[in-house]
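*Asks:* Numbering (full-length UniProt numbering), first residue to last: 1 to 410. The C-beta atom is built at its ideal place from N, Cα and C for all residues, glycine as well. Starting off with a structure, shown below.
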Amino acid sequence: MPSIFYIIFSIVFIFINSGISVRVCPSFSDYYKWSSSCYNNDIENLNMTEVLRRWGCIAEEYYIFTDDDYELLIVRAYKKITHPTPIILAHGILMSGLSFLSLGNQSLAYNIIESGRQLFFLNFRGNRYSKRHAKGLTQDDYAYWNFSLDEKIMFDVPKTIDLVYNMTGQKAIFIGFSMGNTVSLAYATLYPEQASKKLVGIISLGTACYFRNIRSVIRWISPFFSIAQPFLRLLWNGKMFPREQEPLGLCASGPIQFFICYNLAAPFLGYDFKGVSPEHFPIVTYFFPDTMGETLLKHYTQIWGSGEYRRFDHGREGNLKKYGTPKPPYYDLSKINIPVAQFLGEGDFITTVENGKLVDSLLNPNVRCGVKIMKYKKWTHDDFINHRDQMTYLVPSVLQKLDNMENSRC
1 MPSIFYIIFS IVFIFINSGI SVRVCPSFSD YYKWSSSCYN NDIENLNMTE VLRRWGCIAE
61 EYYIFTDDDY ELLIVRAYKK ITHPTPIILA HGILMSGLSF LSLGNQSLAY NIIESGRQLF
121 FLNFRGNRYS KRHAKGLTQD DYAYWNFSLD EKIMFDVPKT IDLVYNMTGQ KAIFIGFSMG
181 NTVSLAYATL YPEQASKKLV GIISLGTACY FRNIRSVIRW ISPFFSIAQP FLRLLWNGKM
241 FPREQEPLGL CASGPIQFFI CYNLAAPFLG YDFKGVSPEH FPIVTYFFPD TMGETLLKHY
301 TQIWGSGEYR RFDHGREGNL KKYGTPKPPY YDLSKINIPV AQFLGEGDFI TTVENGKLVD
361 SLLNPNVRCG VKIMKYKKWT HDDFINHRDQ MTYLVPSVLQ KLDNMENSRC
């Protein structure tokens, strides 16, 4: 009988909560009790800088343009700086820097700042904060979205690193989650001298370079991208998951909705509903997904399909013209000359432990800075951002790795 009540009550929740501020509760049962411990979280009305200032941080916004004319927003946040080494934090696909803030004072970002470090959030081209184009293109123009991972690697990453280096006069540690490490590791292969001059090292959370024998459903659906692409273009004109379509409503309404929405995403990333925070999951559904481009997704489908970490495939003729070879060149991990540390989860369906170990084996031995397998056996891809117990499993290890890198102890 109680289960029937919960189902009926949840259906009512769909209509009550859709479109209003996010109501959050510390436990799943509190959502059905109208508990006094629940409250309305207005974070959906705040931008990154405002959230960081609520944390008591000094937060600064820097809008910069890449050499190929795309806008990036870099947000700097700090309190008392006791560690001179700046930290760059780069988000994954379908995300913005906001994704690192969803767990509040339990998040990795919060605790990096609390440890006495200055943190620079990189918002890649195309997300909710990095929209403009110096030549007047808008996100409604198909031409705006004509960029792959290669452009983020060659333009977004170096421009951000230059900003941090010129502002602080210090080498930075680059922490990349998912796509954030796809591009930072590739940057270090293309520009090893720049990387050595301006970076202490790279910390990779959920290493997204090789995707061989993954458990994610992406393995089976990505081959159909070429068939779906004309329909996606007709639907979105290159702009996938536009932010005008806010994700609040069903997924933020109550525990049953949480469970349904989580299980729609889990076949892609991994199953760990026990790791979901009842208080923060509604916020996560607001932050995700962010907008991305069709060409970017096409590049990932090429990497997923080929099993190789390589540049965008323009077709035989296009490759000969651009690269001088019939196939796109690989990103050669052996060229990296700065320390690389990895954090991997056994429950991660898309960036697996096996592929992370492959990355480590392709690095020169003198830059291998450790492969950390998360102690929590069900640790999934999104747990690096959203797991309720980051303070137990992730934060201490990352802070220790930062200390080690700063003191050349890798």
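Less than 8 angstroms between the C-beta atoms of Leu-358 and Tyr-187, yes or no?
*Replies:* Contact flag unset, no.
*Asks:* Classify Asp-348 as buried or exposed, calling it buried when 16 or more other Cβ atoms lie within 10 Å of its own Cβ.
*Replies:* Buried is the call here.
*Asks:* Given this structure, state the Cα-to-Cα distance separating Leu-394 from His-387, to the nearest angstrom.
*Replies:* Their backbone Cα atoms lie some 9 angstroms apart in a straight line.
*Asks:* What is the rounded straight-line gap between the Cα of Leu-149 and the Cα of Leu-296?
*Replies:* Taking the straight line joining both Cα atoms gives about 6 angstroms.
*Asks:* CB-CB under 7 angstroms to Cys-25, same chain, minus the five flanking residues each way: which ones, in chain order?
*Replies:* The answer, listed in chain order, is Tyr-31, Ser-35, Ser-37, Cys-38, Pro-278, Glu-279.
*Asks:* By a C-beta neighbour count over all protein chains shown, 10 Å radius and 16 as the cutoff for buried, is Gln-342 buried or exposed?
*Replies:* Classification of Gln-342: buried, given that the 10 Å Cβ count is 16 or more.
*Asks:* For His-91 and Gly-180, which I take to be in contact (beta-carbon distance under 8 angstroms), what is that distance rounded to the nearest angstrom?
*Replies:* Confirmed, about 6 angstroms.
*Asks:* When you compare each of Ser-107, Phe-124, Met-95, Asp-42 to Ile-74 by their alpha carbons, which one comes out closest?
*Replies:* Looking at the Cα atoms, Phe-124 is the closest of the given residues.
*Asks:* Suppose the cutoff is 6 angstroms on Cβ atoms and the five residues either side in sequence are ignored; what does the same chain contact list for Arg-76 look like?
*Replies:* So the list reads Glu-60, Phe-120, once near-sequence residues are dropped.
*Asks:* Kindly indicate which residue of Ile-175, Leu-190, Asp-162 has the alpha-carbon position closest to the one of Ile-153.
*Replies:* Of the listed residues, the one whose Cα sits closest to Ile-153 is Leu-190.
*Asks:* Checking the sheet assignment: what are the DSSP bridge partners for Lys-375?
*Replies:* In the DSSP output, where bridge partners are listed per residue, Lys-375 has none listed.
*Asks:* Considering only residues of the same chain and omitting the five flanking positions on each side of Asn-364, which have a CB-CB separation below 8 angstroms?
*Replies:* Correct list, in chain order: Ser-334, Ile-336, Asn-337.
*Asks:* Taking the beta strand (DSSP E) that Ser-115 falls in, what are its first and last residues?
*Replies:* Where Ser-115 is concerned, there is no enclosing beta strand (DSSP E), given that its DSSP letter is neither H nor E.
*Asks:* Express the C-alpha separation of Asn-40 and Arg-23 in angstroms, rounding to a whole number.
*Replies:* Roughly 4 angstroms separates the two Cα atoms.
*Asks:* Going by DSSP, name the residue or residues bridged to Ser-204.
*Replies:* For Ser-204, which the question treats as bridged, DSSP gives the partners Gly-176, Gln-342.
*Asks:* Enumerate in chain order the residues of its own chain whose CB-to-CB distance from Cys-57 is below 8 angstroms, with the five nearest sequence positions on each side excluded.
*Replies:* Within the same chain, Cys-57 has close Cβ partners Ala-77, Tyr-78, Lys-79, Ile-113.
*Asks:* Check the DSSP bridge columns for Asn-40 and list the partner residues they point to.
*Replies:* Answer is Arg-23.
*Asks:* DSSP state of Lys-89, grouped into three classes?
*Replies:* The question names Lys, but residue 89 is Leu in the sequence shown. Note: Leu-89 maps to strand in three-state DSSP.
*Asks:* Which residues does DSSP pair with Lys-239 in a beta bridge?
*Replies:* According to DSSP, Lys-239 bridges with Gly-293.
*Asks:* Roughly how many angstroms lie between the CA atoms of Gln-106 and Phe-384, to the nearest whole one?
*Replies:* Approximately 12 angstroms between the Cα atoms of the pair.
*Asks:* Alpha carbon to alpha carbon, how far is Tyr-271 from Gln-390? Give it in angstroms, no decimals.
*Replies:* When rounded, the distance between both Cα atoms is 17 angstroms.
*Asks:* Report back the beta-carbon spacing between Pro-339 and Arg-310 to the nearest angstrom; my notes put them in contact at under 8 angstroms.
*Replies:* In fact, because the Cβ distance is near 24 angstroms, the residues do not count as touching under 8 angstroms.
*Asks:* Beta strand (DSSP E) containing Val-75: first to last residue?
*Replies:* Run containing Val-75: 71-78, per the beta strand (DSSP E) assignment.
*Asks:* Go ahead and pull the three-state DSSP assignment for Leu-248.
*Replies:* Below a pLDDT of 50, predicted positions are generally treated as unreliable, and Leu-248, at 49, falls in that range; no measurement from the model is reported.
*Asks:* Sorted by chain position, which residues of the same chain lie with C-beta nearer than 7 angstroms to Glu-308's C-beta, five sequence neighbours on each side aside?
*Replies:* These residues qualify, in order along the chain: Tyr-330.
*Asks:* Excluding the five sequence neighbours on either side, which residues of its own chain have a C-beta within less than 7 angstroms of the C-beta of Ala-134, listed in chain order?
*Replies:* Hits under 7 angstroms: Phe-65, Asp-69.
*Asks:* Thinking C-alpha only, which one of Tyr-323, Leu-185, Phe-224, Pro-255 is nearest Ser-29?
*Replies:* That would be Pro-255, whose Cα lies nearest to the Cα of Ser-29.
*Asks:* Once DSSP output is grouped into helix, strand and coil, what is the label at Ile-64?
*Replies:* Of the three classes helix, strand and coil, the one that applies to Ile-64 here is strand, per DSSP.
*Asks:* Using the Cβ count rule (16 or more neighbours within 10 Å means buried), how would you classify Gln-118?
*Replies:* Result: buried.
*Asks:* Give me the Cα-Cα distance between Pro-86 and Ile-203, rounded to the nearest whole angstrom.
*Replies:* C-alpha separation (whole angstroms): 13 angstroms.
*Asks:* If we count Cβ pairs, one from each stretch, closer than 8 angstroms, do we get three or more for the stretch 92-99 versus the stretch 279-288?
*Replies:* The stretch 92-99 is in contact with the stretch 279-288.
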